[in-house]
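Peer 1: End of the sequence shown = 713 in UniProt numbering, gap-free, step of one. Glycine included, every Cβ here is placed at the ideal spot set by N, Cα and C.
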Amino acid sequence: MPNASDDSTAPTREEKVDIPQSVPQSDEQTGSMGLKSLKNYPAAIFFILGNEFAERFSFYGMRAVLILYLTRVFMLNDSTAKLAYHSFIALAFLSPLFGSVLADGFLGRYRLILYVTILYAIGQAMLAVSSMTSLLQAASQPLSYVSLLIIAFATGGIKPNVSSFAADQFPPHMTRERSQFFSLFYFTINLGSMISFIVTPYLRGQVSCDGQETCFPLAFGVPAVCMCLALFVFLIGKPFYTRKPAQSAVLLHVVQCTIYALRERFRRPRKAAKMDHWLDYASPKFNDALIRNVKCIFAVALVFLPAISWTCLNDQTGSSWILQASRMNGHVGSFTLLPDQLSAVNPLLIILLVPLFEGIVYPVLNKRGFLKAPLRRMLYGLLLAIVAAAMAGVVQLFVKRDLALPAENGNKQVLMYNQNECSMELMINGLPSGILEARGGMTELDVSCSDRVKWQPVNCSFAAVEKPRFISNANCDPRKGTFYVIWDGISAKTTSINYSLDQGVDSITRVYLIFESLIKWGENATLTFWNGAEQVASVQVQGLQAGKRIDLKPSVFGRNLLSVILNTCNAHGKSCEEISLGHVQLHMGSSVALTISDSRRFDVATVVPGYSVSILWQLPQWVLMTISEILFSISGLEFAYSEADASVKSVMSAIWLMTTFLGNVLVMIISGSHLFTDLVVESFFYTGLMVLSALLFYYLSRCYRSHKADQQL
1 MPNASDDSTA
11 PTREEKVDIP
21 QSVPQSDEQT
31 GSMGLKSLKN
41 YPAAIFFILG
51 NEFAERFSFY
61 GMRAVLILYL
71 TRVFMLNDST
81 AKLAYHSFIA
91 LAFLSPLFGS
101 VLADGFLGRY
111 RLILYVTILY
121 AIGQAMLAVS
131 SMTSLLQAAS
141 QPLSYVSLLI
151 IAFATGGIKP
161 NVSSFAADQF
171 PPHMTRERSQ
181 FFSLFYFTIN
191 LGSMISFIVT
201 PYLRGQVSCD
211 GQETCFPLAF
221 GVPAVCMCLA
231 LFVFLIGKPF
241 YTRKPAQSAV
251 LLHVVQCTIY
261 ALRERFRRPR
271 KAAKMDHWLD
281 YASPKFNDAL
291 IRNVKCIFAV
301 ALVFLPAISW
311 TCLNDQTGSS
321 WILQASRMNG
331 HVGSFTLLPD
341 QLSAVNPLLI
351 ILLVPLFEGI
361 VYPVLNKRGF
371 LKAPLRRMLY
381 GLLLAIVAAA
391 MAGVVQLFVK
401 RDLALPAENG
411 NKQVLMYNQN
421 ECSMELMING
431 LPSGILEARG
441 GMTELDVSCS
451 DRVKWQPVNC
461 SFAAVEKPRF
471 ISNANCDPRK
481 GTFYVIWDGI
491 SAKTTSINYS
501 LDQGVDSITR
511 VYLIFESLIK
521 WGENATLTFW
531 NGAEQVASVQ
541 VQGLQAGKRI
551 DLKPSVFGRN
561 LLSVILNTCN
571 AHGKSCEEIS
581 LGHVQLHMGS
591 SVALTISDSR
601 RFDVATVVPG
611 YSVSILWQLP
621 QWVLMTISEI
631 LFSISGLEFA
641 YSEADASVKS
651 VMSAIWLMTT
661 FLGNVLVMII
671 SGSHLFTDLV
681 VESFFYTGLM
691 VLSALLFYYL
701 SRCYRSHKAD
711 QQL
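(1) What does the alpha-carbon distance come out to for the pair Val414 and Ser563?
(2) I need the straight-line Cα distance from Lys295 to Arg705, nearest angstrom please.
(3) On the three-state DSSP scale, how would you describe Ile508?
(4) Count the other CB atoms within 10 Å of the CB of Gly333; is the residue buried (16 or more) or exposed (fewer)?
(5) Given a cut-off of 9 Å on the beta-carbon distance, is the pair Ser647 and Val250 in contact?
(6) Considering Val608, what are the terminal residues of the beta strand (DSSP E) in which it resides?
(7) Thinking residue 719 and Thr200 are a contact (beta carbons under 8 Å), I'd like their distance in whole angstroms, please.
(8) State the beta-bridge partners of Phe529 as determined by DSSP.
(9) Along the beta strand (DSSP E) that carries Ala152, what are the first and last residues, could you check?
(10) So the candidates are Phe165, Ala121 and Ala261; which of them puts its Cα closest to the Cα of Ile48?
(11) Would DSSP call His253 helix, strand or coil?
(12) Let's test the definition: count the other Cβ atoms within 10 Å of the Cβ of Tyr281 and tell me whether it reaches 16, buried, or not, exposed.
(13) For Ile550, which beta-bridge partners are listed by DSSP?
(14) Taking C-alpha atoms, which residue in Met227, Phe298, Leu431 and Ser597 lies nearest to Leu119?
(15) Name, in chain order, the residues that DSSP records as bridge partners for Pro457.
(16) Do you know how far the Cα of Pro245 is from the Cα of Val101?
(17) In whole angstroms, give me the CA-to-CA distance for Leu66 and Ser633.
(18) Select from Leu38, Arg601, Gln618 and Leu323 the residue whose C-alpha is nearest the C-alpha of Arg439.
(19) Of the residues Val541, Gly504 and Arg479, which one's Cα is nearest the Cα of Lys520?
(20) Hey, how far is the Cα of Asn51 from the Cα of Tyr41?
(21) Quick check on the DSSP output: the alpha helix (DSSP H) that includes Trp93 runs from which residue to which?
(22) When we look at the beta-carbon of Pro269 and count the other beta-carbons within 10 Å, is it buried (16 or more) or exposed?
(23) Along the chain, where does the beta strand (DSSP E) that runs through Gln413 open and close?
(24) Flag this pair as yes or no: are the beta carbons of Ser147 and Ala139 separated by less than 9 Å?
(25) Which residues share a DSSP beta bridge with Glu577?
(26) Rounded to a whole number of angstroms, what is the C-alpha to C-alpha distance between residue 714 and Leu631?
(27) Can you tell me whether Cys576 is buried or exposed, with buried defined as 16 or more other CB within 10 angstroms of its CB?
(28) Within the chosen definition, does the region 482–494 reach the region 592–607 through at least 3 CB pairs nearer than 8 Å?
(29) Along the chain, where does the alpha helix (DSSP H) containing Thr71 start, and where does it finish?
(30) How far does the beta strand (DSSP E) with Lys367 in it extend, from its first residue to its last?
(31) Please name the residue in Gly558, Asp451, Glu444 and Gln419 whose C-alpha comes closest to that of Ile514.
(32) Taking the alpha carbon of Ala154 as the reference point, which residue from Gln137, Gly105, Thr133 and Leu97 has its own alpha carbon closest?
(33) For Val665 and Ser671, what's the separation of their Cα atoms in angstroms?
(34) Among the candidates Asp315, Leu342 and Gly318, whose CA atom is the shortest distance from the CA of Met328?
(35) Would you identify the three-state DSSP class for Glu643, choosing helix, strand or coil?
(36) Under 8 Å: do the region 639–653 and the region 68–88 share three or more Cβ pairs, one atom per stretch?
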């Protein structure tokens, strides 16, 4: 793990920031993770922390619901949605390279952070407005993409500069406070992301707006407000800031040295004496210290090649894993966990586990000779990522088995539900096909569109009358089924509705309402659904078409067992009666038919089963991936920074950011090419990719020769 005096203890994975080059590295500061000198901090620090907390809440709050926004609002398929999502993430990790150069070489950190924060707030506000699809209609999707483009560029100005700007606020004599600050900075970022992962999915899933059962405008609006708050906090801290002028951009010097060396290498005559290393051709135009540092940068970059596939897997926790969770059962006792809320596990575990690893795990294992070198920790991090990817694939196997499938082409699903006191003999094309039991019997028929089906009452207390046959090729859509209810009485009349075979999205339960007749209940009758003392839905009975669908979403708290009440009144609003019909249990993703007979018989028939695989089965892969992040990501930065001189540590941050950029580009290529249509196959593909990456990393790390003896694998 990094020393406390090293900026590598700052945020993991996405918060890889430039180490302030003035922070000394000393053994006395190792492990000083406390905040004992908090009261001595410069006032400017608290404005920067407030700004960073609000900015991270804004970014992660928006990101938490983004993949569901693309699939639920714009109806993109999983592959296309992942292409758009990872394009945004890739750009968000490429732009910090330009942000670092602009701050170091041109604008200075304060001005750049101020400008991009304004741009950031504009982008978030645009995204909130663009999600109002009923207002913007066709313009909503392109405006959303423009908003994401602005946000991706804006975050690139903040990400590489804010921690260095904070370090600038400490006077030279406050070296200990400055090193301690990064623990507080790290905690602030993870706290902001954890809270946003809980709050914004709740706003998305539990509030209805814009004519939808969900409310993406609110889920994006709160991050937009937070970004405006971040701007306000940053501005009011202006009188307290120490602002250093722009200096030379180290990254530019590294690029110039590299290009010059390559050009000179191929310009030299073949008979000319060869240099020991191709970068030596940059001499004498560039000094030996810079050339030596650039050699170190390329050596470390080679070892970091497997990090591309690691970030490829790691960043899919915000796309593939959320899509997987959206097809799982979030009911946990009397609590409902929304699919995008599970992302809060990562920052929560980071906050808890990093101090544990720093203070207990590493010291104990180091005494026994384990996990001393960062490269060894990184290898174990890759191995844990392999297990996490495999577990995600196994979970997807069970999720896939749980999904409702359409009928085969040329076939149709038919459900027969019998409320009659007679059993019904079913016949298909004149051949017996079983008995439909009386009083709540239900059977499923998977019939050809050309089949003729009829039923005959049997075991009746009255004379049996053969019913007319029905032909199931009407509306023969393999994605839709037909539900037939046979009512009680000698006539055994029927009502049929069509229903979607797709399972409900956004954790909803689809409820189809079927009354035997409407006139029975009066023109003022209403059907209401109650979750305890809270009314969650109300439907006017008169004029209600058979099969009217209402979507009921689960409450975060409670068992989601809804009471169904029928309120009837005569034409004058008098002689009202409140009839308690029964209860309906909400199952995430399910579709149910509520049948209400004239004799007040109330039945609930499940026509499409809900998701049965518990969302808690995702927790092990989240835990393993978070520990993998601690071992691989933080240790990777520690290794990179320990290998580089202070003058080029910002370039090491750039190299790490590039691995994340390339990892997301790899996901874009795989998703954009629609290489995999089966998520199970895709999950195990990434498992195999991680195995190859671990083998490559083992080979590269064994070949790596460090100027520090303790950095060998």
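Peer 2: By the coordinates alone:
(1) 28 Å
(2) 12 Å
(3) coil
(4) exposed
(5) yes
(6) Phe602 to Val608
(7) Residue 719 cannot be examined here, being either before or after the span of the chain that is shown, 1 to 713.
(8) Ala537 and Val564
(9) Segment Ser140 to Ile158 is the alpha helix (DSSP H) holding Ala152; no beta strand (DSSP E) there.
(10) Phe165
(11) helix
(12) buried
(13) Val511
(14) Met227
(15) Met424
(16) 13 Å
(17) 24 Å
(18) Arg601
(19) Val541
(20) 16 Å
(21) The displayed chain sequence assigns Phe, not Trp, to residue 93. Here the alpha helix (DSSP H) through Phe93 covers Asp78 to Leu102.
(22) exposed
(23) Asn411 to Asn418
(24) no
(25) Thr568
(26) An answer regarding residue 714 cannot be provided, because it is not within the stretch 1 to 713 covered by the chain.
(27) exposed
(28) yes
(29) Ala43 to Arg72
(30) Element bounds for Lys367: not the beta strand (DSSP E) but the alpha helix (DSSP H), Tyr362 to Lys367.
(31) Gln419
(32) Leu97
(33) 10 Å
(34) Leu342
(35) helix
(36) no
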